[in-house]
């Protein structure tokens, strides 16, 4: 029973994790995954240039601008 409760709590915590990328218009699960896979961390995404962001598949110039605006706040 104890293991079931701790497993359930972990599942709830995983679902409740919210990142700054979730607030960006045009960024869904797939693009968020692409960004994190390529850059490795939010710190590196924040440090990326507009051109580096646009080089990724699915990231348009407009989305790159949204990313930079949101993360630079």
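Numbering (my numbering), first residue to last: 354 to 426. Quick reminder that beta carbons are idealized off the backbone N, C-alpha and C, glycines included.
**OP:** Since I believe residue 387 is in contact with residue 409 (beta carbons under 8 Å), could you give me their beta-carbon distance rounded to a whole number of angstroms?
**Re:** What you label residue 409 is simply residue 56 of the chain shown in a count that begins at 1. What you label residue 387 is simply residue 34 of the chain shown in a count that begins at 1. Their Cβ separation, rounded to whole angstroms, is 6 Å, which keeps residue 409 and residue 387 in contact under 8 Å.
Original post:
Apart from the five residues on each side of it in sequence, which residues of its chain come closer than 8 Å, Cβ to Cβ, to residue 380?
Top reply: By one-based count along the chain shown, residue 380 stands at place 27. Once the five neighbours on either side are set aside, the close Cβ partners of residue 380 are 374, 388, 416, 419 and 420.
**OP:** Label residue 400 either buried or exposed according to how many other C-beta atoms from any shown protein chain fall within 10 Å of its C-beta, with 16 as the threshold for buried.
**Re:** Against the chain shown, residue 400 aligns to sequence position 47. Under this definition residue 400 is an exposed residue.
Original post:
Does any CB atom of chain C fall closer than 8 Å to the CB of residue 358?
Top reply: Of the chains in the structure shown, none is chain C; there is only one protein chain.
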